[in-house]
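Note that our numbering numbers the sequence shown so that position 287 is 356, with each residue one more than the last. Reading through the structure tokens given below for one structure.
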Amino acid sequence: MTQGTHNYVADDRNASVVIDINGDHFPRPDAKISVFDSGFMLGDGVWEGIRLHHGRLAFLDRHLDRLWRGAKAIHMDIGVSREELERRLYAVLDANGMHGDGVHIRLMVTRGIRSTPYQDPRVVVTPATIVIIPEWKEPAPETATRMLKLATVHVRRGYPDVQDPMLNSHSKLNCITACIQAAQAGADEGLMLDPHGFVATCNSTHFFIVKDGEVWTSSGDYCLDGITRGVVIEIARKAGITVRERNFSLTHVYGADEAFTTGTFAGVAPIGSIDGRVLGEERGPMVERLQQLYLARLADDVSGRSRP
């Protein structure tokens with residue numbers, strides 16, 4: 070079991086999973102890429118985390134839309150069609166006998182193999198490298214109710230003209246640094262501010278607060294275009310809950326009635342304390358309601374989804 074917002078139940082089956090590399094399947098010990106691969110060498114690529122729910126990949130269209138947007142933004146050709154990539158996703162699930170729940174996929178696309186260790190993409194000599202890692206990974210049973218502890222970190226989400234935080238790129242060192250600082254402070258997740266001192270997001274999840282019956286989250290200018298974040302905003306508004314995407318400070322956070330994170334792996338998870346300020350000892354009514362709404366939306370998405 071890991072620590073932080075991604076606590077999961079360890080599963081011995083993961084030692085023998087089959088992994089897809091460029092359309093071919095390899096046992097986990099044999100799944101390898103070149104040391105000249107752009108992702109290993111320079112963090113040059115984009116990725117998605119996708120969950121299997123009732124035998125279907127949840128919100129797959131949104132994930133593939135974001136993957137293709139990111140690849141286009143960094144001028145990278147994924148090299149296969151969406152249809153082919155979806156076929157590969159389900160093929161590796163079938164190869165592992167993964168047909169129900171409790172499965173998480175990491176889909177990674179890098180620019181390919183370079184002829185020499187150098188950042189210029191013109192030295193790339195192969196098509197993109199596409200890796201699909203499926204794992205048996207169920208959130209820990211207490212995830213829906215365990216009150217997370219957050220700590221504000223010094224690492225900021227930066228301006229888009231430096232490294233756009235909206236890109237789901239392999240270059241995650243700023244988030245890793247934030248994660249390390251939070252862990253050293255004994256927290257589950259690091260709360261990251263934007264360059265102006267307003268709350269942006271967490272190091273691996275998105276952040277929301279509840280104030281006077283309203284749900285607040287950041288403007289979105291300095292965070293990833295989160296799939297679960299977007300779904301939660303949609304379902305809350307559809308249910309008549311006021312959601313504000315706006316700038317707010319740590320003063321607002323410390324005075325919040327409730328707070329929670331969102332992410333593909335854990336869904337909606339409650340927060341108990343931030344920087345030593347206790348927001349609640351147990352899950353609040355808004356978080357519980359949003360969890361139920363999210364699970365219903367998740368079920369609705371996969372119920373109408375076909376597979377190749």
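Where a beta carbon is used, it is the ideal one built from N, C-alpha and C, also for glycine. Predicted model only: the values in this text are computed from it and were never measured.
| Item | Value |
| --- | --- |
| Option in Gly341, Arg346, Arg183 and Asp370 with minimal Cα separation from Val356 | Gly341 |
| Residue from Pro203, Arg156 and Arg138 whose Cα sits closest to the Cα of Phe334 | Pro203 |
| Alpha-carbon to alpha-carbon, Ile296 and Arg131 | 7 Å |
| Beta strand (DSSP E) segment containing Glu350, residue limits | Unbroken run through Glu350: none, as it is neither H nor E. |
| Thr185 versus Val300, Asp106 and His122, residue with shortest Cα-Cα distance | Asp106 |
| Meets three-Cβ-pair contact criterion under 8 Å: the segment 306-315 and the segment 163-178 | no |
| Bounding residues of the alpha helix (DSSP H) (the contiguous stretch that carries Arg135) | Leu129 to Ala142 |
| Nearest-angstrom Cβ-Cβ length linking Thr270 and Ser287, presumed shorter than 8 Å | 6 Å |
| Reduced DSSP secondary structure (H/G/I, E/B, other) of Ser342 | strand |
| Cα-Cα separation between Trp285 and Phe276, rounded to whole angstroms | 9 Å |
| Distance between beta carbons of Lys206 and Gly171, contact taken as under 8 Å | 7 Å |
| C-alpha gap between Phe317 and Glu351, whole angstroms | 24 Å |
| Completely contained beta strand (DSSP E) runs for the segment 258-320, where each covers 3 or more residues | 258-262, 268-271, 275-280, 283-286 and 312-314 |
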